[in-house]
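Notes for the one structure printed next.
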């Protein structure tokens, strides 16, 4: 069953990529075109940085690109076009260039997922949102986009900065600071962006809780020192739960979590791109220490709306303007359709309240409501919301390490039956018997089997704390 699901998942990802290949025009990065402003000449340098396969957070970002709406040569329509890119790709090998070409050709579509309803504007509230590109092998690249109007004094098309196209920089606060710096420099000159991005690219990506300071010169302002601090708690560094809390009740958030745990199909609808991407990232973050491994598109472009018809699990965000198209689509069963604008479920399976063990579900609800009015910072809110869900996994599967039997060479083998039979609560055991069949758990336990010791991290810390608490309490049946 697990192998069949993985095969279907690969077919689903391949289907999305085929749609991209068939419907996307080939977009080539080049110098700014007519209408963007001055032509940019970057400072001379002896060697162009090539892009390595990223591992361990070597750089803050892979690409900075500016995507602008440009009027087509024929007709009055606009199309998104890459008009600035850092770094360049001249020194990449042919195979690398082809791979990067496919990557870059997809970016404009995700920067402007609104379809073809683009027209000159006199005002536009800037938005910051994210998107995810998933390769056939399951690896992901995360793009962060700051979309804004570049000339408020006259009618003009939108300009989108798709900045810090990176799998490693995921903190909204840290990201926002960098996007602010890019935007400030763009208002002066495109050429001023280069020194800042070059300095950022050469800076070491900080460890959790550490700070990196950049020195940057701006004409008429002088030298500036910019400090960027990475949050100490890295498992929440790409998350902001505020939008999810604003749009939905605690009970609805728990039902979304329950649907995600069983790897169902979840669609979020909202007007704003920022709301969509923040809520879908928050929903996925509730699964920690597990990772959503299926189709994951925070903002689905119009050309990819067929994604909602995929037979495999997905978690996607769709703009409200496409609500009718989504509702009319021949969707598979087990779909949860969430209206973030009205705080309602438009479609549901009907059993969402019954998926989690009742006692543990009540514990989550009680913890979420306790003292939330007193929280002030986003970090406090994130920890308050995430904590009860982490504790849920601690109580249900936190004993996993004790049921990995190892051979002499260190290779581990998970004892599934003994694992879930160790739970004394029948309702907990019933839930875990289903959960161990998911890809969420399978991928997690595969990594655990490879490691001789449980990974030191936030989840392991909470497991140890829970076990210590149990030593001081008399075990009791639930």
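In this note's numbering, the protein residues as written are 7 to 484.
The C-beta atom is built at its ideal place from N, Cα and C for all residues, glycine as well.
As the structure is a prediction and not an experimental result, all values here were calculated from the model.
The segment 406–422 in contact with the segment 453–463 per 3-pair CB rule at 8 Å: yes
Anticipated Cβ contact below 8 Å, residue 320 with residue 271, distance rounded: By one-based count along the chain shown, residue 320 stands at place 314. By one-based count along the chain shown, residue 271 stands at place 265. At roughly 5 Å, the Cβ-Cβ gap stays under 8 Å, so residue 320 and residue 271 are in contact.
Close-in-space but distant-in-sequence residues of the same chain around residue 210 (CB under 7 Å, 5 per side omitted): The residue given as residue 210 occupies position 204 in the chain shown. Cβ neighbours of residue 210 beyond the five flanking positions: 218.
Simplified DSSP assignment, three categories, for residue 305: What you label residue 305 is simply residue 299 of the chain shown in a count that begins at 1. Coil.
8 Å contact criterion, which residue 442 and residue 303 should meet: CB distance rounded: If you number the chain shown from 1, residue 442 lands on position 436. If you number the chain shown from 1, residue 303 lands on position 297. The Cβ separation is near 27 Å, so there is no contact.
Segment contact, 8 Å Cβ cut-off, at least three pairs: the segment 296–315 with the segment 355–368: They do not touch, by the three-pair rule.
Residue 150 versus 382, 273 and 280, residue with shortest Cα-Cα distance: On the chain shown, residue 150 is found 144 positions in, with the first residue counted as 1. Taking only the C-alpha atoms, the option nearest residue 150 is 280.
Buried/exposed call for residue 401, threshold 16 Cβ in 10 Å: Here residue 401 refers to the residue found at position 395 of the chain shown. So residue 401 ends up on the buried side.
For residue 454, the first and last residue of its enclosing alpha helix (DSSP H): Counting from 1 along the chain shown, the entry for residue 454 is found at position 448. Where residue 454 is concerned, the enclosing alpha helix (DSSP H) starts and stops at 445–456.
For residue 434: DSSP bridge partner residues: On the chain shown, residue 434 is found 428 positions in, with the first residue counted as 1. BP columns for residue 434 are empty, so no partner.
Validate contact between the segment 369–387 and the segment 282–289 using beta carbons, cut 8 Å, 3 pairs: In short, these stretches do not touch, since the Cβ pair count stays below three.
Closest residue to residue 325 among 275, 198 and 347 (Cα-Cα distance): Taking the first residue of the chain shown as 1, we reach residue 325 at position 319. Of the candidates 275, 198 and 347, the one whose C-alpha sits nearest the C-alpha of residue 325 is 275.
DSSP-derived helix/strand/coil call for residue 262: Against the chain shown, residue 262 aligns to sequence position 256. Residue 262: helix per DSSP, three-state reduction.
Beta-carbon proximity of residue 273 to residue 305, cut-off 7 Å: Here residue 273 refers to the residue found at position 267 when the chain shown is read from its first residue. Here residue 305 refers to the residue found at position 299 when the chain shown is read from its first residue. No; because the gap between Cβ atoms is not below 7 Å, this pair is not in contact.
CB contact flag (residue 93, residue 117, <7 Å): To locate residue 93, count along the chain shown from 1; it is residue 87. To locate residue 117, count along the chain shown from 1; it is residue 111. Against a cut-off of 7 Å, the Cβ pair of residue 117 and residue 93 comes out as no contact.
Residue 408 burial status per 10 Å Cβ neighbour count (16 or more: buried): Taking the chain shown and counting its residues from 1, one reaches residue 408 at position 402. Result: exposed.
Of the residues 214, 301 and 135, the one placed nearest residue 445, counting alpha carbons only: To locate residue 445, count along the chain shown from 1; it is residue 439. Out of 214, 301 and 135, 301 has the C-alpha closest to the C-alpha of residue 445.
Straight-line Cα distance separating residue 263 from residue 291: Indexing the chain shown from 1 puts residue 291 at position 285. Indexing the chain shown from 1 puts residue 263 at position 257. Each residue's alpha carbon lies about 10 Å from the other.
Closest residue to residue 234 among 202, 341 and 220 (Cα-Cα distance): If you number the chain shown from 1, residue 234 lands on position 228. Nearest C-alpha to residue 234: 220.
At least 3 beta-carbon pairs within less than 8 Å: the segment 342–349 vs the segment 248–267: yes
Residue from 349, 316, 350 and 348 whose Cα sits closest to the Cα of residue 337: Taking the chain shown and counting its residues from 1, the one referred to as residue 337 is at position 331. Of the candidates 349, 316, 350 and 348, the one whose C-alpha sits nearest the C-alpha of residue 337 is 316.
Extent of the continuous beta strand (DSSP E) to which residue 5 belongs: The question about residue 5 has no answer here: the residues shown for the chain are numbered 7 through 484.
Rounded straight-line distance, which links the Cα of residue 406 to that of residue 424: Position 418 of the chain shown, counted from the first residue, corresponds to residue 424. Position 400 of the chain shown, counted from the first residue, corresponds to residue 406. Distance between the alpha carbons of residue 424 and residue 406 is about 10 Å.
Cβ neighbour criterion (16 or more within 10 Å) applied to residue 323: Mapped onto the chain shown, residue 323 falls at position 317. Residue 323 comes out buried.
The alpha helix (DSSP H) enclosing residue 200, as first and last residue numbers: Within the chain shown, the letter at position 194 stands for residue 200. Residues 199–208.
Residue 471, enclosing alpha helix (DSSP H) - first and last residue: Position 465 of the chain shown, counted from the first residue, corresponds to residue 471. That run of the alpha helix (DSSP H) goes 464–477.
Start-to-end residues for the alpha helix (DSSP H) that takes in residue 400: Residue mapping note: residue 400 aligns to position 394 of the chain shown, counting from 1. That run of the alpha helix (DSSP H) goes 384–403.
Assigned secondary structure, residue 320 (DSSP; H/G/I helix, E/B strand, else coil): Counting from one through the chain shown, the residue named residue 320 turns up at place 314. Strand.
Chain-order list of residues whose beta-carbon lies under 6 Å from that of residue 241 (same chain, five-residue window excluded): As a working mapping, residue 241 is identified with position 235 in the chain shown. Once the five neighbours on either side are set aside, the close Cβ partners of residue 241 are 294 and 464.
Cut-off 8 Å between Cβ atoms - residues of its own chain near residue 205, not counting five sequence neighbours on either side: Taking the first residue of the chain shown as 1, we reach residue 205 at position 199. Around residue 205: 220, 221 and 222.
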